[in-house]
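**Student:** Take the sequence shown: its letter number 88 is residue 1183 in the working numbering, and every next letter is one higher.
I have a structure here, written as structure tokens, and I will follow up with some questions on it.
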Amino acid sequence: MDQVILGLFGMILSTWVMYGCLIAWRFEFYKTAAIFIYHIFTLAMYFSYISFCNFLTNLYIRLPSENKPFSGFKLYVFLFGVFHTMVGVATVYITKIWPVCILLLIASFVFCIDAYSCFFTDTYMLCEHRTFKYEMKTELPIDGIICHVVVRRNVEKSKELPEGWQCEDELKLDNKWYQEEIWNVDNV
């Protein structure tokens, strides 16, 4: 989970630096440096995304329904939305390159709510990617859930955990989850 949160914060930082560079470029404030920094942070966003998406693994993290940002009304989603909307409206009035800036703000909004959800969740499920939806019910593990994980900062003692749950810093998985070849494509 830590690399997911780190990747999200990296993408948030990258989008805001890129946004600032576009505004600086538009107002010809250190124009050359702004474009250079913009390209560096485009690359930084790429590496942050690699950290976020668990690159080269067939595992992913699924939050419980109550912690998903768009399952019902969430105050933090509303507040992030209001903030990004206000910045977006101001952007439309101050620059002619507002479409690109708005796209960066939309990306920032999504990254912010995902980072908030991941950072403040108590539990999550470690799951296996499946190629087809029907495989979720026909192949083991059912629904792709390998194990339920508790975030250590929220639970102090291992004995408080329900049966079959693990703390994220003591995670013990079968070796097949680490060694499975994910690039193997079967032509069925």
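Yeah, the Cβ is synthetic: ideal placement off N, Cα and C, and Gly gets one too.
Where does T1110 sit, in a helix, a strand or coil, going by DSSP?
**Tutor:** The answer is helix: DSSP assigns T1110 an H, G or I state.
**Student:** Pick helix, strand or coil for Y1171, following the three-state DSSP scheme.
**Tutor:** Y1171 falls in the helix class under three-state DSSP.
**Student:** Which residues in the same chain as Y1133 place their Cβ atom closer than 6 Å to its Cβ, once the five residues preceding and following it in sequence are excluded?
**Tutor:** If we look at Y1133 and ignore the five residues flanking it on each side, its Cβ neighbours are M1113, C1116.
**Student:** Return the chain-ordered list of same chain residues with a C-beta closer than 6 Å to the C-beta of V1172, the five sequence neighbours on each side being excluded.
**Tutor:** Around V1172: P1164, I1208.
**Student:** Just the Cα atoms here: how many angstroms apart are I1156 and L1200?
**Tutor:** In a straight line, the C-alpha of I1156 is about 25 Å away from that of L1200.
**Student:** To the nearest angstrom, how far is it from the Cα of W1120 to the Cα of F1204?
**Tutor:** Roughly 23 Å separates the two Cα atoms.
**Student:** Going by the CB atoms, is the gap between F1168 and M1106 shorter than 7 Å?
**Tutor:** Result no, Cβ atoms of M1106 and F1168 do not sit closer than 7 Å.
**Student:** Pick from A1139, I1118, L1103, Q1098: whose alpha carbon is nearest that of W1193?
**Tutor:** Closest by alpha carbon: I1118.
**Student:** Cα separation between L1158 and F1214?
**Tutor:** One C-alpha to the other measures close to 11 Å.
**Student:** Express the C-alpha separation of Q1098 and I1189 in angstroms, rounding to a whole number.
**Tutor:** The straight-line gap from Cα to Cα measures roughly 36 Å.
**Student:** Who does I1240 pair with in a DSSP beta bridge?
**Tutor:** Beta-bridge pairing links I1240 to C1222.
**Student:** Looking at C-alpha atoms only, which residue of H1243, W1111, G1176 is the closest neighbour of T1137?
**Tutor:** Of the candidates H1243, W1111, G1176, the one whose C-alpha sits nearest the C-alpha of T1137 is W1111.
**Student:** How would you call M1140, buried or exposed, if buried means at least 16 neighbouring beta carbons within 10 angstroms?
**Tutor:** Buried, by the Cβ-count rule.
**Student:** State buried or exposed for F1175, treating a residue as buried only when at least 16 other CB atoms are found within 10 Å of its CB.
**Tutor:** Buried.
**Student:** Considering only C-alpha positions, which residue in the set Y1229, N1162, I1130, Q1261 is nearest to A1210?
**Tutor:** Of the candidates Y1229, N1162, I1130, Q1261, the one whose C-alpha sits nearest the C-alpha of A1210 is N1162.
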